[in-house]
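Chains as they are written, first to last, in full-length UniProt numbering: chain V, 1 to 210; chain H, 1 to 210.
The beta carbon of each residue, even a glycine, is placed where N, CA and C say it ideally should be.
Written below as structure tokens is the structure these notes are about.
Protein chains: 2
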Amino acid sequence: MRKEIVKVVVVDDHPLVIEGLKSSIGMDETIEVTACFENAEDLFAHLKRKVAHVVVLDVNLPDINGVEVCEKINSKYPHVKVLGLSTYNDPSIIKQMVKNGAKGYLLKNVSSKELGIAIHQIHDGLSYFSAEIQKILADSIFDNNRIPKLTRREKEILALVAEGITTPQIAEKLIISPLTVETHRRNLIQKMGVTNAAQLVKMAIEQKLI
Amino acid sequence: MRKEIVKVVVVDDHPLVIEGLKSSIGMDETIEVTACFENAEDLFAHLKRKVAHVVVLDVNLPDINGVEVCEKINSKYPHVKVLGLSTYNDPSIIKQMVKNGAKGYLLKNVSSKELGIAIHQIHDGLSYFSAEIQKILADSIFDNNRIPKLTRREKEILALVAEGITTPQIAEKLIISPLTVETHRRNLIQKMGVTNAAQLVKMAIEQKLI
DNA sequence: TTTTTTCTACTAGTTTACAGGTATTTTTTA
DNA sequence: TAAAAAATACCTGTAAACTAGTAGAAAAAA
């Protein structure tokens, strides 16, 4: 007995990539692209009315965060599997996607063949992560332990430090004592494992904290 | 009389995008995708032997800088027009591409229709920049005047400052007087129009100086 | 070859940052 | 509600950063 045809919905803001996905997936006769959308709103309107097995979801949508879309699909339509797709290999986003119910993840440099395999696999209830993604996730385990959790206030101060505002000025702005600002500053430097404000700002930008 | 068929070569490291381009361009019967490559090397091997009118070039290639590829195409094969393509709208890269002979530039969220228009237009010896790109270039004119020119030494010191290295340490490293480092530091802060090292680092990263 | 820029170095003074503590109050979470 | 985490604040001292000048030597450009 032949497998049922897998109904795939594609969400990507790049028409070129949609075309590419349609063309690539179209090679496999057991997969059918039933709809394509350039934004999340249209996707949900579609899911309300039509059956879909797999959503191929670009994480970098312009209007809404891909992770949120993923979470919403997962809570509202738990039977619909999400296959994440993005250009860049940002470990934190990949991890967030997985946390929010993505069953698989690929980079856009994926081949047609691997794409087909991934779709079938997650449709079968398994998960699929390309070799690259697996490596990224594995590597990030080590770094992850070092990713410091900053408090709200610390993030606030960090942003102001990056603006080049001095401790007395920050204190004035937040209506707290300069001594308090210094304490936050010190904690930030310690948490981030750096030695001064310059490096702190660099790290913060690298970690996308500001 | 009908126009000749435009021979297009596509260079992109994402098979998905290549598929998308082939599929999109394929809709227009007056354009033919004669070859696709995932790296620059294969492209030049092809250009040596075959005729091509337009190269659709992804700027973010993994092996080599897109700007360099553009420059090389332009100097070796001046009759071949380059149409730049990228996901993100980085003004400096777009400008560099134009400087190095790109006849047009599009973002990857381009529609099939616009893509066709762009290819025909640059094949006819005109240039083509999507509305988005034009806006980006226009906006960057103002900023451009403010981009300070740093000397070699200043850039060197800037990088070290961003590493969190202190003035005395930098002096030791470069075997110059700490007073000299201080002077460079001062000039950097003045040139960049900032008030301290933290802001300097932030600006430097934003301006992609480090 | 002159001119300009860049790199170098100095003096002197003020401000800010950073390190190492401690400790109270408030808010969150278990 | 009790315990933990976060935000607040203070003290002391040193090191570094920033401000504001000046200026000679070397390298690059006109």
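Within the stretch 132-164 of chain H, the residues whose Cβ lies closer than 8 angstroms to some Cβ of chain V are V161, A162, E163, G164, listed in chain order. DSSP places A52(H) in the coil class of the three-state scheme, outside both helix and strand. In the DSSP assignment, S86(V) falls within the beta strand (DSSP E) that extends over 81-86. Proximity to I64(V) across D90(V), V11(V), E154(V), E32(V) peaks at V11(V), based on C-alpha coordinates. Between L61(V) and I122(V), the C-beta spacing is not below 8 angstroms. For V194(V), the three-state secondary structure derived from DSSP is coil. For I165(V), the secondary structure class from DSSP, reduced to helix, strand or coil, is coil. Looking at the DSSP output, G104(V) shares a beta bridge with L83(V), Y128(V). Scanning its chain for C-beta atoms nearer than 8 angstroms, with the 5 sequence neighbours on each side dropped, one finds around K22(H) the residues V10, V33, C36, in chain order. Scanning its chain for C-beta atoms nearer than 7 angstroms, with the 5 sequence neighbours on each side dropped, one finds around I170(H) the residues I157, L160, V181, in chain order. Near chain H, meaning a CB-to-CB distance below 8 angstroms, the residues of the stretch 9-21 of chain V are D13, H14, P15, L16, V17, I18, E19, G20, L21. Residues of chain H with a Cβ closer than 7 angstroms to the Cβ of V54(V) do not exist; the shortest Cβ-Cβ separation is about 16 angstroms. Nearest CB-CB separation between Q199(H) and chain V: below the 8 angstroms threshold. Runs of the alpha helix (DSSP H) lying entirely within the stretch 2-83 of chain H and spanning at least 4 residues, in chain order: 15-26, 40-49, 66-76.
T195(H) reaches chain V at G164, counting residues in chain order whose Cβ is nearer than 7 angstroms.
Nearest C-alpha to R153(V) among I136(V), A131(V), I176(V), S140(V): I176(V). DSSP places S92(H) inside the alpha helix (DSSP H), whose first and last residues are 91-99. G104(V) sits buried, since 16 or more C-beta atoms from the chains shown fall within 10 Å of its C-beta. Using a Cβ-Cβ distance cut-off of 8 angstroms, the stretch 67-85 of chain H and the stretch 190-209 of chain V are not in contact, since fewer than three pairs of beta carbons, one from each stretch, lie closer than that value. Three or more Cβ pairs closer than 8 angstroms define a contact, and the stretch 88-100 of chain V falls short of that threshold against the stretch 112-122 of chain V.
Note that the C-beta distance between V55(H) and L85(H) is not below 8 angstroms.
The beta carbons of I119(H) and I5(H) sit no closer together than 8 angstroms. Closest by C-alpha distance to H53(V), out of S130(V), P91(V), D124(V), is D124(V). Residues of chain V whose Cβ lies closer than 7 angstroms to the Cβ of T87(H) are, in chain order, T87. The C-alpha of N89(H) is placed about 7 angstroms away from the C-alpha of I136(H).
Of all residues in the stretch 107-118 of chain H, only K108, N109, V110, S111, S112 place a beta-carbon less than 7 angstroms from a beta-carbon of chain V.
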